[in-house]
Amino acid sequence: MNEVQLKINDKNGVFYIDVNGKHEAMMTFVFAGQDKIIIDHTEVNTGNNGKGFGKKMVTKAVEFAREKGIKIIPLCPFAKSVFDKTPEFKDVL
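If you're matching positions, the sequence shown starts at 4 in this note's numbering and goes up one per residue.
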């Protein structure tokens, strides 16, 4: 299964999915203060349409936010559309 992984630097991070050792999808975010992250970009490589990679990464971000007790601001239009379609994610907005 293509697991979503997470890499965090000081002020920002990226959720990503590797397929055969290659980054096929990524979603970047920045920390806004102590208690929020802003999802600013989602990118899925050509040929991966319909695999649900984007939704998987948003789901992982929601799990991460719940775990850390923080909120998400989805500035990225893709992430925002997933939040709009997924009422059970509203608790982290």
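Positions of the beta carbon are idealized from the N, C-alpha and C atoms, including for glycine.
For this session: Give the straight-line distance between the Cα atoms of I40 and G72, rounded to the nearest whole angstrom.
Result: 11 Å
Problem set entry | Beta-carbon spacing of F56, I20 below 7 Å | Cβ atoms of F56 and I20: closer than 7 Å.
For this session: Measure from the alpha carbon of K59 to the alpha carbon of each residue in D94, E27 and L96, then state which is nearest.
Result: The candidate whose alpha carbon is nearest that of K59 is E27.
Problem set entry | Through-space distance from L9 to V17, alpha-carbon basis | 6 Å
For this session: Please state whether DSSP places T62 in a helix, a strand or coil.
Result: helix
For this session: Please go through the same chain and pick out, in chain order, the residues whose beta-carbon is closer than 6 Å to the beta-carbon of V65, but skip the five residues on each side of it.
Result: F92 and V95
Problem set entry | Limits of the unbroken alpha helix (DSSP H) element including D94 | From DSSP, D94 is part of no alpha helix (DSSP H); its letter is neither H nor E.
Exercise. Which stretch, first to last residue, makes up the beta strand (DSSP E) that contains K10?
Worked result: Segment V7 to I11, the beta strand (DSSP E) holding K10.
Problem set entry | Between the CA atoms of T62 and P80 - distance to the nearest angstrom | 15 Å
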